[in-house]
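Colleague: This structure is in structure tokens; I'll ask about it shortly.
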Amino acid sequence: MRLPQGFADDVRNQADIIRVVSDYVSLKKRGANYIARCPFHSEKTPSFNVHPAKGIYKCFGCGAGGAVFDFIMQIEGCSFPEAVKIVAEKSGIPVPAIQENEDYKRAARERDIVLRLNEWAAEFFTTSLLGAAGKRALEYLISRGVTDQTRNLMRLGYAPDSWDALGNYLRERGASQSEIELSGLVSVKEQGGHYDRFRGRLMFPIADSQNRVIAFGGRIINDGEPKYLNSPETPVYSKGRNLYGLAHSKNAIRQLGFAILVEGYLDCIIPFQEGIQNIVASLGTALTDGQVRLLRRYMEKPRVVVNFDPDSAGQAATMRSIDLFLAEGFRVDVLAMPTKEDPDEFVRSKGADAFRRILNAAQPYIDFVVQTAVARNDISKPAGKVGAINEILPHLTRMRDRVERAGYADQIADRLRIDSRVIREEIKRAATNRLSSLDQKKLRAAQDMTQAERQLIEIMLLNEEVRGSILANIGEEDYADLATEAVFSAIIEAAAAGSELTYASLSEKIEGEAERTLLSGLMIGDLAWAGGDDFETLLKKATEALVSLRRRRLERKLDSIQIEIGQAEHNSNTERVLQLFQEKQEIKRRMLKLTA
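Here it is as structure tokens:
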């Protein structure tokens, strides 16, 4: 989606963040702000704040924060242009048409056509399910424990066992033959003509994150093959970029902070019906990185519990999915069913509480990897031990916690009856090879924001005159390597350009999501000294904060030099020791000067 130049700024300036946010949560006025229970995590006491004057929101529970477009992108899991369009529509701001090339306009028309025909098809299938032709399919759903409420929510239906029932219905609604072909709802005969793609099947509409029907999955009711049949790829559907059930589960995933991934439609539907609602299905295909990235949108610290079928195909799919999730920064656990039942069978036979209990006991992915490798190799023989180690090693080297990694190395060595030093050496060699290719900057840990950082930034945001005095004295070395480095840089850049220091003007200069969240927290707080202190007092507080930052930087430098001195003494490098002592004395002199 393309937007006219400047339109996003117009929407941002005109939109009422209270009006937009109140469509999703119940806001209560408290002073100048509004509060609510956070929509992004589960909480009993409201910690979600909206500041209408500044046009920003901040949750002091989970840390979510930003401006109105950030809120929509986070809660809807959509792109920036989509968020602008949603905010505009909620604010009654017309979205202007812009000149597009013919390819773009044709693609947009095709998407609209397929979405419209899919909606008509969904209506046709749901009506058919409740008619005489759908009796057997309806009985099947009842036998699988699907309630009327769930059937209506998921819009389950039935495709009659007819070659042209749906095609005729769509033509009666006004669709042309070329449009029906485009939708993928019919197939083209080799000798000419068309026939309905789905016949005699229980129908599962597949929706996007905005709950628009983009495709269908069909399960055969009578004898026949294939057992499951999905829509082909269309202008609105790519099987590697969608997840079944996401439209209904995204809020629970966001609030609980993790998702359960299953294989089948009913594996998703039955647990959801019984209250386990942070669950999605992979559409019966091999998981793709596109599906993983889609799921990641809804979690700040992404975690997934993979719960594929307990058969050999399901276990192989679990192994493939682990690497995809790890590559996107997920914490990955694996739920191995204690019986040979699928998730929907287990919930129906044992109940939702029993499922929750085994869910809470889901094992870290590395345990699953070890068990699978041991089961696949004859570890009573040397070749089998080598095979198992080779399968396990790539996963061990990816573990960041050294203590945890060492513990697993010992466990694996004990399991394989080999010396743990062998595994440790292999891990060390593999890890060294990986580290040599990593950007060292990414290894630097972000430091927690100190009170001095907070105080200095808040005063700089509050008072233009004090800000000018601080900018004349602060240097990049004063805030380098701090958690707030990006915020300081944005303030200095905006002030130098003469820009107003608003969340919008500063956040566009900050790339990291965590740093933008930090900024929103700094801007939404009511400053303790706001409107009460004069210039001299504010300048004194700002200067004290800057001195504190400089002292902290020098203390870190002292610690680093002391370590180097120890290493130089160990190596009997007298010349280097003397040099480091001189540097140490110079730093101490500078620290004394700071307190003078």
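Here the sequence shown stands for residues 15 to 610, numbered as in my numbering.
Don't be surprised by glycine CBs; every beta carbon is placed ideally from N, CA and C.
Any idea if Arg233 is buried or exposed, counting beta-carbon neighbours within 10 angstroms, 16 or more meaning buried?
Modeller: Buried, by the Cβ-count rule.
Colleague: State the Cα-Cα distance for the pair Leu608 and Ser40, rounded to the nearest angstrom.
Modeller: Approximately 50 Å between the Cα atoms of the pair.
Colleague: How far does the alpha helix (DSSP H) with Phe344 in it reach, from first residue to last?
Modeller: Unbroken run through Phe344: none, as it is neither H nor E.
Colleague: For Ala331, count neighbouring Cβ atoms within 10 angstroms of its own Cβ and tell me buried if that reaches 16, exposed if not.
Modeller: Buried, because 16 or more other Cβ atoms sit within 10 Å of the Cβ of Ala331.
Colleague: List the whole-angstrom C-beta distance separating Met217 from Leu170, where the pair is believed to meet the contact cut-off of C-beta under 8 Å.
Modeller: The Cβ separation is near 7 Å, so the contact holds.
Colleague: Cα separation between Ala261 and Glu133?
Modeller: Distance between the alpha carbons of Ala261 and Glu133 is about 16 Å.
Colleague: For Gly198, count neighbouring Cβ atoms within 10 angstroms of its own Cβ and tell me buried if that reaches 16, exposed if not.
Modeller: It counts as buried.
Colleague: Counting only the same chain and skipping the five closest in sequence on each side, list residues whose C-beta sits under 6 Å from that of Asn27.
Modeller: Nothing listed; no residue qualifies.
Colleague: Tell me where the beta strand (DSSP E) around Met217 begins and ends.
Modeller: 215-221 is the extent of the beta strand (DSSP E) around Met217.
Colleague: Rounded to whole angstroms, what's the CA-CA distance from Leu297 to Thr557? Just pull it up for me.
Modeller: Approximately 59 Å between the Cα atoms of the pair.
Colleague: Once you ignore the five residues that flank Gly304 on each side, which residues in its own chain have a CB closer than 8 Å to its CB?
Modeller: Excluding residues within five positions, the ones whose Cβ falls inside 8 Å are Ser252, Gly254, Arg255.
Colleague: Could you tell me the distance, in whole angstroms, from the CA atom of Asp453 to the CA atom of Arg412?
Modeller: Reliability of the predicted coordinates at Asp453 is poor, the pLDDT of 35 falling under 50, and the value obtained from them is presented with this limitation in mind. Distance between the alpha carbons of Asp453 and Arg412 is about 16 Å.
Colleague: By Cβ distance, which residues of its chain are closer than 7 Å to Gly259, with the 5 residues on each side in sequence left out?
Modeller: Cys282, Phe286, Ile293, Val294, Ala295.
Colleague: Between which residues of its own chain and Ala350 is the CB-CB distance below 6 Å, once the five residues before and five after are set aside?
Modeller: None.
Colleague: Since Pro378 sits in a beta bridge, which residues does DSSP pair it with?
Modeller: Its beta-bridge partners are Asp347.
Colleague: Could you check what DSSP says for Leu275 in three-state terms: helix, strand or coil?
Modeller: Residue state, collapsed to three classes: strand.
Colleague: Considering only the beta carbon of each residue, do Ala67 and Ala46 sit closer than 8 Å?
Modeller: Cβ atoms of Ala67 and Ala46: closer than 8 Å.
Colleague: Is it a yes or a no for the stretch 263-276 touching the stretch 144-158, going by three-plus beta-carbon pairs under 8 Å?
Modeller: The stretch 263-276 vs the stretch 144-158: no contact.
Colleague: Over the uninterrupted beta strand (DSSP E) stretch that includes Phe94, give me the two end residues.
Modeller: From DSSP, Phe94 is part of no beta strand (DSSP E) but of the alpha helix (DSSP H) over 94-104.
Colleague: Starting from Ala229, follow its DSSP beta bridges and name the residues at the other end.
Modeller: Partner(s): Ile220.
Colleague: If contacts are defined as beta-carbon pairs under 8 Å, then Ala559 and Ala466 qualify, I think. What distance do you get, rounded to the angstrom?
Modeller: Yes, they are in contact, since the Cβ atoms of Ala559 and Ala466 sit about 4 Å apart, within 8 Å.
Colleague: Tyr422 by DSSP, collapsed to three states: which one?
Modeller: In this structure, Tyr422 counts as helix in the three-state DSSP scheme.
Colleague: Could you give the DSSP three-state label for Ile524: helix, strand or coil?
Modeller: Coil, per DSSP.
Colleague: If you measure between the beta carbons of Ala173 and Phe139, is that distance less than 8 Å?
Modeller: A contact, by the Cβ cut-off of 8 Å.
Colleague: Could you check whether Gln291 and Ala266 sit closer than 8 Å to each other, using their CB atoms as the reference points?
Modeller: The answer is yes: Cβ separation under 8 Å.
Colleague: Expressed to the nearest angstrom, what Euclidean distance is found between the alpha-carbon atoms of Gln469 and Lys555?
Modeller: Roughly 8 Å between the two C-alpha positions.
Colleague: Taking the straight line between their C-alpha atoms, what separation do you get for Glu440 and Ser586?
Modeller: C-alpha separation (whole angstroms): 32 Å.
Colleague: To which residues of the same chain is Ala397 closer than 6 Å at the C-beta, ignoring the five residues directly before and after it?
Modeller: Same-chain partners within the cutoff: there are none.
Colleague: State buried or exposed for Gly535, treating a residue as buried only when at least 16 other CB atoms are found within 10 Å of its CB.
Modeller: Gly535 should be labelled buried.
Colleague: Could you have a look at Gly398 and say whether DSSP puts it in helix, strand or coil?
Modeller: Looking at Gly398 - three-state DSSP - the assignment turns out to be helix.
Colleague: Beta-carbon within less than 8 Å of Ile579's beta-carbon, same chain only, minus the 5 sequence neighbours each way: which residues are those?
Modeller: Val591, Leu594, Phe595, Lys598, listed in sequence order.
Colleague: Can you name, in chain order, every residue of its own chain whose Cβ lies under 7 Å from the Cβ of Tyr183, other than the five neighbours on each side?
Modeller: Correct list, in chain order: Phe138.
Colleague: Measuring straight from C-alpha to C-alpha, what distance separates Val109 and Lys364?
Modeller: Whole-angstrom Cα-Cα distance: 51 Å.
Colleague: To the nearest angstrom, how far is it from the Cα of Asp126 to the Cα of Val64?
Modeller: Cα to Cα, the separation comes out at about 35 Å.
Colleague: By Cβ distance, which residues of its chain are closer than 8 Å to Trp177, with the 5 residues on each side in sequence left out?
Modeller: So the qualifying residues of the chain are Tyr209, Asp210, Arg213.
Colleague: For Tyr12, which beta-bridge partners are listed by DSSP?
Modeller: Here the chain has residues from 15 to 610 only, and residue 12 is not among them.
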